[in-house]
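Residue numbers (full-length UniProt numbering): 1 to 631.
Beta carbons are placed, not taken as given, at the ideal position from N, Cα and C, and that holds for glycine.
Note that the structure is predicted; figures quoted are calculated from it, not measured.
To start, the structure itself, in structure tokens.
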Amino acid sequence: MNYQEFYSQSCQLPEAFWKEQADQIEWYTKPSTILSKDDNDYPLWYKDGELNACYLALDKHIQDGFGDQTAIIYDSPVTQTVKKYTYNEVKTEVAKLAGGMISLGLKKGDTAVIYMPMIPQAAFAMLACARIGVTHSVVFGGFAPHELAIRIDDCKPRLIITASSGIEIDRLIAYKPLVDEAINLAEHKPKKVIVFNRKLGARIPFKKYDVDYDALVYGSEEAECVSVNATHPLYVLYTSGTTGKPKGIVRDTGGYAVALKFSMQHIYGAKQDEVFWAASDVGWVVGHSFIVYGPLINRNTTVIFEGKPIRTPDASTFWRVIAEHKVSIMFTAPTAIRAIKKEDPNGEFIKQYDLSSLRTQFLAGERCDVATLEWYREHIPVPAIDHWWQTESGWPMICNMMGVEYLPIKPGSAGKAVTGYDIRIFGENGQELGSNEEGYVVIKLPLPPGTMLDLWKDNDRFKAGYLNRFPGYYFSGDGGFKDDEDYIFITGRVDDVINVAGHRLSTAEMEEIVSSHHSVAECAVIGINDELKGQVPLALVVNKSGEDIEHFQLQHEVVHLVRDQIGAVASLRDVVIVQRLPKTRSGKILRKLLRSIADGENFQVPSTIDDEAIIDEVREEFIKAKIGSFR
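In structure tokens:
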């Protein structure tokens, strides 16, 4: 079946389509009700089905005779460790950890927070929770105690699972003191803290609530998988909200398992046994979906990578991992490729490795600019597929579905709508727009399986944020347009569209043009306040290593590039050169923060920022350049 037939079937006959996909996984009790609705008229999938996600990820494959297949490859350039675990080995450790959690009093329906670095024990902890019906909430390792405390108070865990330390490029971060401080700050007090000692020298202050991970696992019996309802919350994952208070995205178990199996096969085109590598973190939705649950449910070997695309030890590390572990499909953020491109613009490191195992490169997390896409394709001759999804969706919404039909790539587009997602472009008043008209990206209900179930204990916020603006549709919060062939172009968050003298202009489009300049490694374009025009664009650029160009010359050339391709209406006048851009730990550029700095507004530093020191660096550059409120 080609893409168009497959997609049409999913939208016209959603129940029949997703019943067929549900038959691809094993249920304890097969659902007889495929699609129903909750009190918000929001879809519920498989509500009378019973299953277990850990069983699907581990036990089933062992029962099918694949226990000796490698399940996880742990590759840590920061500790110079490579270790492989079979499905049998993972299941034994997960089942014992789950047994230990039961001995500590945890039961189905409880919650647990996991605060871990990128080590196998993070995945073991997630799977152990799933095994016994405990809802896990993974908090990105290294988050400040205040942010961890907010999440503890929101999801009220009975237990926290942590490690002694995480490792950044140049330093060891002791996790246990951060957890202790968070518990001290939080109103809710977890009963126990399980601590995995990495024996790297980090301080582990002992508290009465502490339990040693190794001793617990060694002394516990293996727990069997517990049957849970399809709508049972597998996890709560917090994402940043516009109010500063994080939103707890609730994920179901049944719909999610179906969607992940479907994604691995039909979107990523992954065959069982192949090595699949998502170079992300378990603290993000990518880590949940495509480091842990998705690859394991599909019986792939998944890579847990503890390192960075550069400086661990250099810009060759991604290519080493692909060559050494025979990775077939890789997934990373465009910002990682841009970082490598900046350090190795001519791709010299790439030439040193045999990348013949690599079949497809997927990119997501932010819009991939054409220059980065072209650089990748120039040096590695495999399809580089940009695609778009959100924490809320849990799996891709727009993509070139490699397991169905490989469609021509249009640089700048995330591809076409994925099966099950009836994506429309709406104007301000809810009217559907035509081809090449930019508006709000919305999705007609019902959303397919695996998408968010609700916000944790905050249904009013869920309705206000996603459902109320366009009744009958899910509001993504992003802007975009469709072309004449139904390729979808995401132009960024709605507040990244700026209004210059009455003209709505996409900062993403300007970034595309700025990044095409030969000296620019990466850039951000933001709209800043202007007395005359309301807003004007400002470009911040990071130069490529070794590029020696005067600021005046770069500004002159960039301004003319934008003027030539958009017109004088763009009103780009200022280009500021910075050493780096403020980003979240997952690689997203913090454009809203940049706007607030330029406009002299009060702002809250996002908990997800990679390095707070960069705020002062940017402010200094704005002062020197007399930008915005610093004029």
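The alpha helix (DSSP H) that contains F262, what's its start and end? Judged by DSSP secondary structure, F262 falls within the alpha helix (DSSP H) whose first and last residues are G254 to F262.
Is it buried or exposed, Q265, if we count other Cβ atoms within 10 angstroms and call 16 or more buried? buried
T70 in three-state terms, based on DSSP: strand
Is the Cβ-Cβ distance between R580 and D281 less than 9 Å? no
Could you check how far apart the C-beta atoms of I249 and L234 are, in whole angstroms? I think they sit under 8 Å. Actually they do not touch by this definition, with Cβ atoms about 11 Å apart.
Mind the definition here: the stretch 100-118 touches the stretch 153-169 only if three or more C-beta pairs lie below 8 Å; say whether that holds. yes
Going by C-alpha distance, which of P313, I385 and G347 is nearest G365? Taking G365 as reference, the option from P313, I385 and G347 with the minimal CA-CA separation is I385.
Look up G492 in the DSSP assignment and give the residues it is bridged to. G479
Quick one: which unbroken beta strand (DSSP E) runs of 3-plus residues sit fully inside the stretch 292-333? Chain order, please. You should have 301-305 and 327-332.
For residue 708, which residues of its own chain have a beta-carbon under 7 Å away from its beta-carbon, when the five flanking residues on both sides are left out? Absent from the model: residue 708. The displayed extent of the chain is 1 to 631, so no value can be given.
CB contact flag (V211, G100, <9 Å): yes
Under 9 Å, do Q465 and K247 count as touching if we go by C-beta distance? Inspection of the sequence shows that residue 465 is occupied by Gly rather than by Gln. Cβ atoms of G465 and K247: closer than 9 Å.
Spatially closest choice to V228 from N499, A16, K47 and G269, by CA coordinates: K47
If we call anything under 9 Å between Cβ atoms a contact, is I549 one with E621? no
Separation of S516 from T372, as counted between CA atoms: Going by the C-alpha atoms only, they are around 9 Å apart.
Given a threshold of 16 other Cβ atoms within 10 Å of its Cβ, counted over all protein chains shown, does K60 qualify as buried or as exposed? buried
Identify every run of the alpha helix (DSSP H) within the stretch 406-476, keeping only runs that are complete inside it and at least 4 residues long; order them along the chain. 459-462
Let me check understanding here. Comparing Cα to Cα, which of I513, P31, L407 and G439 lies closest to G492? G439
Go ahead and pull the three-state DSSP assignment for W388. DSSP places W388 in strand when its eight states are reduced to three.
Among the candidates E378, I72 and M401, whose CA atom is the shortest distance from the CA of H387? Of the listed residues, the one whose Cα sits closest to H387 is M401.
Is the distance from the Cβ of A182 to the Cβ of A128 below 9 Å? Result no, Cβ atoms of A182 and A128 do not sit closer than 9 Å.
With a cut-off of 8 Å, do at least 3 Cβ pairs link the stretch 112-126 to the stretch 65-78? yes
Return the chain-ordered list of same chain residues with a C-beta closer than 6 Å to the C-beta of A336, the five sequence neighbours on each side being excluded. P309
Suppose only complete runs of 3+ residues qualify. What are the beta strand (DSSP E) ranges in the stretch 141-176, listed by chain order? Secondary structure in the stretch 141-176: the beta strand (DSSP E) runs of 3 residues or longer, each lying completely within the stretch, are 159-163, 165-167 and 172-174 in chain order.
Give me whichever residues DSSP pairs with I526 in a beta bridge. L538
Rounded to whole angstroms, what is the Cα-Cα separation between I167 and D153? 27 Å
Nearest-angstrom Cα separation, counted from I423 out to M1: 21 Å
Count the other CB atoms, across all protein chains shown, that sit within 10 Å of the CB of P471; report buried if there are 16 or more and exposed otherwise. exposed
Assuming I329 contacts A270 (C-beta within less than 8 Å), just tell me the rounded distance between them. Going by Cβ atoms, the distance from I329 to A270 rounds to 6 Å, so yes, they are a contact pair.
Across which residues does DSSP place N184 in a beta bridge pair? Beta-bridge pairing links N184 to no other residue.
F552 by DSSP, collapsed to three states: which one? helix
Can you give me the C-alpha to C-alpha distance between H503 and R631, rounded to a whole angstrom? Taking the straight line joining both Cα atoms gives about 24 Å.
Kindly indicate the opening and closing residues of the beta strand (DSSP E) around W27. Segment: none, W27 is in no beta strand (DSSP E) and carries neither H nor E.
Using a Cβ-Cβ cut-off of 7 Å (strictly less than) and excluding sequence neighbours within five positions of T253, which residues of its own chain qualify? L51, A53, V228, A230, H232 and L234
Quick one: is D180 buried, meaning 16 or more other Cβ sit within 10 Å of its Cβ, or exposed? Residue burial annotation: D180 is buried, with at least 16 other C-beta atoms found within 10 angstroms of its C-beta.
Assuming V292 contacts M126 (C-beta within less than 8 Å), just tell me the rounded distance between them. 6 Å
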